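Colleague: Sequential numbering from -1 applies to the sequence shown in our numbering.
The beta-carbon is built from N, C-alpha and C at its ideal position, and this holds for glycine as well.
No experiment lies behind these values; they were computed from the predicted model shown.
Let me give you the structure first, and then I'll get to my questions.
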Amino acid sequence: MRPTQVSIPSFVRTKPGALDRLGIYASRHKHERVCVVASEGMVPSLLERACTSLREQGATRVDHVEASDASFESVGNLLAGLPSDCQAVIGLGGGKALDVAKYLAHLSKKAYYAVPTSLSNDGFCSPQSSLTLKGRRVSLSASLPFAVVVDTAVCLAAPETLWLSGVGDLIAKITAEFDWKLAYRQKGEPVDDLAVLLSDATVNQFLASPTKDQAGAKLLATSLLLNGIAMEISGSSRPASGSEHLISHALDQLSKRPRLHGLQVGVATYLVSRLQRSGTERIAQVLDQTSFWQAIQDDPFDRQEWLAAIKLAPTIKSDRFTILSTRDCVSEVASIINEDSRLKLCFV
Ligand SMILES: [Zn+2]
-1 MRPTQVSIPS FVRTKPGALD RLGIYASRHK HERVCVVASE GMVPSLLERA CTSLREQGAT
59 RVDHVEASDA SFESVGNLLA GLPSDCQAVI GLGGGKALDV AKYLAHLSKK AYYAVPTSLS
119 NDGFCSPQSS LTLKGRRVSL SASLPFAVVV DTAVCLAAPE TLWLSGVGDL IAKITAEFDW
179 KLAYRQKGEP VDDLAVLLSD ATVNQFLASP TKDQAGAKLL ATSLLLNGIA MEISGSSRPA
239 SGSEHLISHA LDQLSKRPRL HGLQVGVATY LVSRLQRSGT ERIAQVLDQT SFWQAIQDDP
299 FDRQEWLAAI KLAPTIKSDR FTILSTRDCV SEVASIINED SRLKLCFV
């Protein structure tokens, strides 16, 4: 069901050097007292560049804190210490810092600037924060950012696997859409057509040119961002998350060594497309054009863990009908992994 009110970013910059212009962007919106929430252990020069830019452009106070863990409890502590006259929260770095900053801004009703330093998943502009609560992972509703600032040069300089993870999270929209339409046909779950169109358009744009360069980074950032908006307008994570995400969530629970979200999701997307008997060539095409398979083969997954995840996945969100709800897929997946020329090298 579409929410009665949607809030979407009103300021978006995706270009090289955007990090050094953060102060210009903040001062343009009269945000002079800001709190920067940075990833623990992030490259110090990135934090310095952000803070220098803010100070040079007239920010009168720039507090900065490190997000050591993405827990609800640490958001609570930050909230208690947040100066009452702070006007904006800036999330700088990877997943944890952005999840913490997004939820801190949401609770304190401050303007939120998402400044990802890699494009490893769509979380920088999604309407949820993935946090832990008493040690259990929970996904909490949060407002979308007021501003999204992506320095494409910074994101391109991030490790290759983060980029590939972002590609994996993006192609998941193909199988997620299939699952959503399947749930409509079999269970009458309503589909938001505009959200689907938006999702489709973004994936197709990137698929047409999946290069790792400035143009590709702009496309990947925009595609991931617009997917967050598709979730916001549909009031559901359906446009971005289907059976492939359930498998990844199951792996996060049972794997001895869970991997990057988008690497798990990317392999699961390809695998699930074989179960759906749809979209496999489109998905393979983009993964073949990047070094995605090589990255997985260099550090293969555990076959038994994946089979256990396939079994667990349909129970993760009991109200989410997907291809995994239609039949017991474990033996089918086992034989796909054994015979598929791409997949068989990805597992030990
Ligand atoms: Zn995802």
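1) If you drop the 5 nearest sequence neighbours on each side, which residues of the same chain put their C-beta closer than 7 Å to that of V189?
2) Between the Cα of E187 and those of R19, T320, S329, A199, spot the shortest distance and give me the residue it belongs to.
3) Kindly indicate which residue of S241, A293, Q295, W291 has the alpha-carbon position closest to the one of K309.
4) Rounded to the nearest angstrom, what separates L76 and T173 at their Cα positions?
5) Checking 7 Å against the spacing of the C-beta atoms, do L205 and V284 come in under that value?
6) Find the nearest neighbour of A103 within the set S339, S137, F176, Q85, judged by alpha-carbon distance.
7) DSSP puts T130 in a beta bridge; with which residues?
8) Whole angstroms is fine: what's the gap from S329's alpha carbon to S239's?
9) Identify, in the order they occur along the chain, each residue of the same chain with its Cβ nearer than 7 Å to the Cβ of W161, setting aside the five sequence neighbours on each side.
10) Report the rounded CA-to-CA distance for S137 versus H247, giving the unit in angstroms.
11) Can you determine whether any heavy atom of ligand 1 sits closer than 6 Å to the C-beta of D250, and answer yes or no?
12) Quick one: is the Cβ of D211 within less than 6 Å of any heavy atom of ligand 1?
13) Within 10 Å of its beta-carbon, does P208 have 16 or more other beta-carbons around it, so buried, or fewer, so exposed?
14) Do you know offhand how far A99's Cα is from I88's?
15) Mapping DSSP to helix, strand and coil, what is I88?
16) Going by Cα to Cα distance, which pick from S8, P14, P7, P125 is closest to A213?
17) Just to confirm, does N347 get its C-beta within under 6 Å of one of the non-hydrogen atoms of ligand 1?
18) Going by the C-beta, is D167 closer than 6 Å to any heavy atom of ligand 1?
19) Taking one C-beta from the region 43 to 58 and one from the region 259 to 270 each time, how about it: are there three or more such pairs within less than 8 Å?
20) Answer yes or no: do A193 and I169 have a C-beta to C-beta separation smaller than 7 Å?
Modeller: Quick answer:
1) Same-chain partners within the cutoff: W178, K179, Y182.
2) The residue with the shortest Cα to Cα distance from E187 is T320.
3) When each option's Cα is compared against that of K309, the closest is S241.
4) Each residue's Cα considered, the two are about 37 Å apart.
5) With respect to the 7 Å criterion, L205 and V284 are classified as neighbours on the basis of their beta carbons.
6) Cα-wise, what sits closest to A103 is Q85.
7) DSSP lists S69, R135 as partners of T130.
8) Roughly 23 Å separates the two Cα atoms.
9) Result list for W161: L117, K210, in chain order.
10) Distance between the alpha carbons of S137 and H247: 11 Å.
11) False, no ligand heavy atom lies under 6 Å from that Cβ.
12) For ligand 1, not one heavy atom lies less than 6 Å from the Cβ of D211.
13) The residue in question, P208, is buried, as its Cβ has 16 or more Cβ neighbours within 10 Å.
14) When only Cα atoms are considered, A99 and I88 end up about 7 Å apart.
15) If DSSP states are grouped into helix, strand and coil, I88 belongs with the strands.
16) P14 is the residue among S8, P14, P7, P125 whose C-alpha sits nearest the C-alpha of A213.
17) Outside the displayed span of the chain (-1 to 346) sits residue 347, for which this structure offers no information.
18) Within the cutoff, so yes.
19) They do not touch, by the three-pair rule.
20) No, they are not a contact pair.
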